[in-house]
Amino acid sequence: MSAGPEVKSDLWGILAEFETPEALVEAARKVTKAGYKRFDAYSPFPIEGLHEAMNFHRNRLPLLVLIGGILGGLAGFGMQYYANVFSFPLNIGGKPHNSWPAFIPITFELTILGAAFAAVFGMLALNGLPMPYHPLFNVERFALATRDRFYLCIESRDKLFDPDTTKSFLESLKPHGIYDVDR
Amino acid sequence: MSSSPKKKKPLEKPQFLSPKHTYSTVTDKISSIVLDGKIHPGWLLGLGISFSVLMVLMTALTWLVIRGVGIWGINIPVGWGFAIINFVWWIGIGHAGTLISAILLLLRQEWRTSINRFAEAMTLFAVSCAGVFPLIHVGRIYKAYWLFPYPNTMGLWPQFRSPLMWDVFAVSTYATVSLLFWYVGLIPDLATLRDRSTKKIPRIIYGIFSMGWRGSARHWFRYETAYLLLAGIATPLVISVHTIVGLDFAASIIPGWHTTIFPPYFVAGAIFAGFAMVLVLAIPLRKFYGLEDFITIKHMDNMAKIILATGLLVSYGYMMECFGAWYSGSRYEQFMILNRMYGPYAPFYWALIFCNVLTPQVFWLKKCRTNQVVLFVVSIIVSIGMWLERFVIVVISLHRDFLPSSWGMYWGTKWDWATFIGTMGLFFTLLFLFIRVLPMIAISEMQVLAQETKEEHEEKSKDH
Numbered sequence: 000m001s002a003g004p005e006v007k008s009d010l011w012g013i014l015a016e017f018e019t020p021e022a023l024v025e026a027a028r029k030v031t032k033a034g035y036k037r038f039d040a041y042s043p044f045p046i047e048g049l050h051e052a053m054n055f056h057r058n059r060l061p062l063l064v065l066i067g068g069i070l071g072g073l074a075g076f077g078m079q080y081y082a083n084v085f086s087f088p089l090n091i092g093g094k095p096h097n098s099w100p101a102f103i104p105i106t107f108e109l110t111i112l113g114a115a116f117a118a119v120f121g122m123l124a125l126n127g128l129p130m131p132y133h134p135l136f137n138v139e140r141f142a143l144a145t146r147d148r149f150y151l152c153i154e155s156r157d158k159l160f161d162p163d164t165t166k167s168f169l170e171s172l173k174p175h176g177i178y179d180v181d182r
Numbered sequence: 000m001s002s003s004p005k006k007k008k009p010l011e012k013p014q015f016l017s018p019k020h021t022y023s024t025v026t027d028k029i030s031s032i033v034l035d036g037k038i039h040p041g042w043l044l045g046l047g048i049s050f051s052v053l054m055v056l057m058t059a060l061t062w063l064v065i066r067g068v069g070i071w072g073i074n075i076p077v078g079w080g081f082a083i084i085n086f087v088w089w090i091g092i093g094h095a096g097t098l099i100s101a102i103l104l105l106l107r108q109e110w111r112t113s114i115n116r117f118a119e120a121m122t123l124f125a126v127s128c129a130g131v132f133p134l135i136h137v138g139r140i141y142k143a144y145w146l147f148p149y150p151n152t153m154g155l156w157p158q159f160r161s162p163l164m165w166d167v168f169a170v171s172t173y174a175t176v177s178l179l180f181w182y183v184g185l186i187p188d189l190a191t192l193r194d195r196s197t198k199k200i201p202r203i204i205y206g207i208f209s210m211g212w213r214g215s216a217r218h219w220f221r222y223e224t225a226y227l228l229l230a231g232i233a234t235p236l237v238i239s240v241h242t243i244v245g246l247d248f249a250a251s252i253i254p255g256w257h258t259t260i261f262p263p264y265f266v267a268g269a270i271f272a273g274f275a276m277v278l279v280l281a282i283p284l285r286k287f288y289g290l291e292d293f294i295t296i297k298h299m300d301n302m303a304k305i306i307l308a309t310g311l312l313v314s315y316g317y318m319m320e321c322f323g324a325w326y327s328g329s330r331y332e333q334f335m336i337l338n339r340m341y342g343p344y345a346p347f348y349w350a351l352i353f354c355n356v357l358t359p360q361v362f363w364l365k366k367c368r369t370n371q372v373v374l375f376v377v378s379i380i381v382s383i384g385m386w387l388e389r390f391v392i393v394v395i396s397l398h399r400d401f402l403p404s405s406w407g408m409y410w411g412t413k414w415d416w417a418t419f420i421g422t423m424g425l426f427f428t429l430l431f432l433f434i435r436v437l438p439m440i441a442i443s444e445m446q447v448l449a450q451e452t453k454e455e456h457e458e459k460s461k462d463h
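Chains A and B, in that order, give the protein sequences.
Under numbering that gives the first Met the number 0, the residue at position 182 of the first sequence is numbered 181, and the numbers go up by one with no gaps.
Under numbering that gives the first Met the number 0, the residue at position 64 of the second sequence is numbered 63, and the numbers go up by one with no gaps.
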């Protein structure tokens with residue numbers, strides 16, 4: 000199979016519908032085994048073990064949150080240090096300008112704030128959200144992906160993708176239905 | 000199949016959802032409350048009343064801006080009055096929401112699932128009400144932004160060593176993180192509403208706010224990490240917020256305020272008040288919207304136990320205040336306690352003991368923990384009691400301090416009361432709007448629970 004220029008450019012992928020989370024995990028395992036890389040599973044709620052079945056383990060979010068927290072903390076302490084030592088030093092009862100114990104609460108709060116921003120916006124950015132248009136929404140039945148149905152879509156940009164063989168491969172997984180996803 | 004009749008298993012897991020529900024019935028039930036398009040007369044009445052009360056707040060605030068804080072009862076011995084009492088009361092109520100959503104999530108307490116969404120909403124709305132008071136009590140509302148560190152033409156900075164400044168950071172961080180936590184939890188449910196709604200305009204609005212969520216497994220993986228991490232950082236945050244509120248008092252030298260028990264005692268009181276408010280809201284909600292399957296008697300029972308436990312912690316705080324006054328040997332502290340018990344405000348103190356120490360003791364009995372009426376009444380009494388606690392701490396300590404020549408009395412004026420009652424209008428208006436436009440129970444989390452309940456049920460029926 001040659002990875003030549005995409006001919007059927009109007010096809011984004013092929014979508015298979017399953018009725019239970021177990022069937023979806025099983026299907027995802029088989030698709031991974033068959034060597035597909037560009038595919039994704041869709042479910043109304045997080046399913047345990049699904050991302051492992053898809054061979055997807057990397058998650059940079061904890062690192063991002065750590066960095067966000069450290070930056071927030073440094074910003075908080077730095078702001079107070081700058082204000083009280085450089086910008087507006089005041090001698091109150093001979094106390095040191097850098098009276099760091101009094102700076103801890105604000106430093107702590109800004110650490111939390113930095114980490115929370117990193118967690119939320121990091122998650123959205125890594126997930127590529129917000130995404131106002133997505134080809135999957137062209138499939139009418141895909142609306143059930145947020146209710147009670149489970150989907151698996153092999154995308155046409157996958158190297159192994161071929162409209163006919165991929166479709167027959169997906170059919171061998173005994174889905175409830177198969178749909179073409181237009182771009 | 001075993002022939003013996005169903006015996007009560009000693010270690011059976013309690014049911015938080017009846018096994019007849021599957022993920023589709025859960026979704027339909029919760030989303031239909033929002034999407035059926037019917038305006039319930041009871042809801043309309045509730046919103047109408049709340050909105051009129053909100054207008055009372057608007058009137059009081061307008062008059063405050065015109066005339067200044069002189070319209071309040073504050074005077075020179077008691078410079079802190081209703082504004083700070085109400086602030087601490089409201090922010091404390093908010094804490095149960097974060098506790099339910101963050102700490103119980105980390106502890107993997109399944110029963111939080113059906114109550115976390117509206118508890119988080121309650122947090123947000125309570126923090127909004129709390130936020131009104133620090134803003135207005137500065138006297139010149141239009142200069143409240145001076146509290147924030149920003150490059151100003153005077154080259155001045157706020158006083159970062161002041162606990163009141165810490166409050167600004169703690170409360171604004173708390174409000175922001177609560178909002179983020181709530182919104183992140185809502186994203187998958189907004190996508191459900193987008194896909195389930197049949198009308199165009201709700202579809203577009205839910206579509207915008209769900210940001211194109213489509214339940215991808217990769218997305219869920221990162222989403223769950225983000226949600227857990229948020230819970231992990233919200234947990235110390237919620238404790239720090241009320242600790243700092245406690246430090247506002249403890250960092251002073253006024254008798255009755257200057258005690259190290261304040262931060263933990265305030266946190267316990269916040270959880271106590273918060274859970275009472277969750278019950279006050281949950282009992283009517285489950286009744287009117289027929290959510291008995293989702294918010295079960297077991298939930299009520301658990302919350303009553305938390306109220307009992309935190310009530311005992313708060314009672315310990317009251318005892319330690321008396322003990323500390325006696326053991327310190329400070330005449331002023333001792334006088335303060337005696338003045339609380341026998342001074343002009345003594346009825347408030349004894350009412351507080353009745354509300355917060357005696358009443359929750361009924362929860363030792365299972366019959367009371369599972370009785371809706373008892374739960375509701377006790378929760379109202381506890382909410383009043385926690386307001387009285389802040390009144391006792393703020394007013395009684397200030398009105399008679401070191402010098403008899405500076406003693407005085409304090410009573411809230413009608414504007415104080417209008418502002419306080421008005422914030423309840425703000426709270427309930429937001430709440431009524433919330434239950435109409437957003438799912439009050441987290442759909443995707445309930446689906447997970449439905450899945451687990453179903454599996455357990457199947458296994459159990461296999462055993463028989």
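Note that CB positions come from ideal geometry on N, CA and C, so glycine has one too.
Identify, in the order they occur along the chain, each residue of the same chain with its Cβ nearer than 6 Å to the Cβ of residue i, setting aside the five sequence neighbours on each side.
| i | result |
| --- | --- |
| residue 357/B | none |
| residue 171/A | none |
Answer yes or no: do residue i and residue j have a C-beta to C-beta separation smaller than 9 Å?
| i | j | result |
| --- | --- | --- |
| residue 113/B | residue 374/B | no |
| residue 145/A | residue 27/B | no |
| residue 72/A | residue 127/A | no |
| residue 43/A | residue 442/B | yes |
| residue 98/A | residue 217/B | no |
| residue 265/B | residue 93/B | no |
| residue 148/A | residue 18/A | yes |
| residue 146/B | residue 167/B | yes |
| residue 154/B | residue 85/A | no |
| residue 56/B | residue 417/B | yes |
| residue 172/B | residue 108/A | yes |
Taking 8 Å as the cut-off, is the beta-carbon of residue i closer than that to any non-hydrogen atom of the ligand FAD?
| i | result |
| --- | --- |
| residue 425/B | For the structure depicted, the ligand FAD is absent and the ligand set is empty, with no information on it obtainable. |
Who are the Cβ neighbours of residue i in its own chain at under 7 Å, not counting the five residues just before and after it?
| i | result |
| --- | --- |
| residue 169/B | 239, 240, 243 |
| residue 49/B | 424, 427, 428, 431 |
| residue 2/A | In this prediction, residue 2/A has a pLDDT of 48, which is less than 50 and means its spatial position is unreliable; what the coordinates show is noted afterwards. Hits under 7 Å: 158. |
| residue 163/A | none |
| residue 87/B | 244, 389 |
With DSSP collapsed to three states, give me the class of residue i.
| i | result |
| --- | --- |
| residue 164/A | helix |
| residue 364/B | coil |
| residue 141/B | helix |
| residue 11/A | strand |
| residue 176/A | strand |
| residue 347/B | helix |
| residue 448/B | helix |
| residue 341/B | helix |
| residue 2/A | With a pLDDT of 48 at residue 2/A, under the threshold of 50, the modelled position of that residue is not reliable, and no figure is offered here. |
| residue 395/B | helix |
| residue 128/A | coil |
| residue 300/B | helix |
| residue 401/B | coil |
| residue 153/A | strand |
| residue 159/B | coil |
| residue 9/B | Unreliable placement is indicated for residue 9/B, whose pLDDT of 44 sits below 50; no coordinate value is reported for it. |
| residue 147/A | coil |
| residue 181/A | strand |
| residue 454/B | helix |
| residue 17/A | strand |
Among the residues of its own chain, which have a CB less than 8 Å from the CB of residue i, if the five just before and after it don't count?
| i | result |
| --- | --- |
| residue 260/B | 316, 319, 320, 323 |
| residue 134/A | 11, 12, 180, 181, 182 |
| residue 9/B | Low local confidence applies: a pLDDT of 44 at residue 9/B is under 50, so the model's placement there is unreliable, with the coordinate-based value given in what follows. Excluding sequence neighbours, residue 9/B sits near nothing in its chain. |
Unbroken alpha helix (DSSP H) runs of length 4 or more, entirely within the segment 15-66 of chain B: which are they?
-> DSSP runs (the alpha helix (DSSP H)) wholly in the segment 15-66 of chain B: 22-34, 40-66.
Which full runs of the beta strand (DSSP E) of 3+ residues lie inside the segment 26-114 of chain A, going along the chain?
-> Whole beta strand (DSSP E) segments, 3+ residues: 38-41.
Return the residues of the segment 345-360 of chain B that lie within a Cβ-Cβ distance of less than 9 Å from chain A, sorted by chain order.
-> Listed by position along the chain: nothing, the set is empty.
Could you give the uninterrupted runs of the alpha helix (DSSP H) lying entirely in the segment 163-237 of chain B, keeping only those of 4 residues or more?
-> Taking 4 residues as the minimum length, the alpha helix (DSSP H) runs contained wholly in the segment 163-237 of chain B are 199-209, in order along the chain.
Note down, one range per segment and in chain order, each alpha helix (DSSP H) of at least 4 residues found wholly within the segment 75-145 of chain B.
-> For the alpha helix (DSSP H) assignment, the uninterrupted runs of no fewer than 4 residues enclosed by the segment 75-145 of chain B are, from N- to C-terminal side, 81-97, 112-136.
In chain order, what residues of the segment 56-77 of chain A put their CB closer than 7 Å to some CB of chain B?
-> Hits within the stretch, in order: 58, 60, 61, 64.
Near-chain B residues of the segment 105-139 of chain A - C-beta to any C-beta below 8 Å = So the list reads 105, 107, 108, 109, 111, 112, 114, 115, 116, 118, 119, 121, 122, 123, 125, 126, 128, 129, 130, 131, 132, 133, 135, 136, given in the order they occur along the chain.
Return the residues of the segment 33-47 of chain A that lie within a Cβ-Cβ distance of less than 7 Å from chain B, sorted by chain order.
-> Here the close residues are 39, 40, 41, 42, 43, 44, 45.
If contact means a Cβ-Cβ distance below 8 Å, which residues of the segment 209-233 of chain B contact chain A?
-> Listed in sequence order: 210, 211, 212, 213, 214, 215, 216, 217, 218, 219, 220, 221, 222, 223, 224, 225, 228, 229, 232, 233.
Between the segment 242-273 of chain B and chain A, which residues of the former have CB atoms less than 9 Å from a CB of the latter, in chain order?
-> With the criterion set as a beta carbon lying under 9 Å from some beta carbon of chain A, the members of the segment 242-273 of chain B are 242, 243, 246, in sequence order.
Residues from the segment 424-444 of chain B in contact with chain A, defined by Cβ distance under 7 Å | So the list reads 443, given in the order they occur along the chain.
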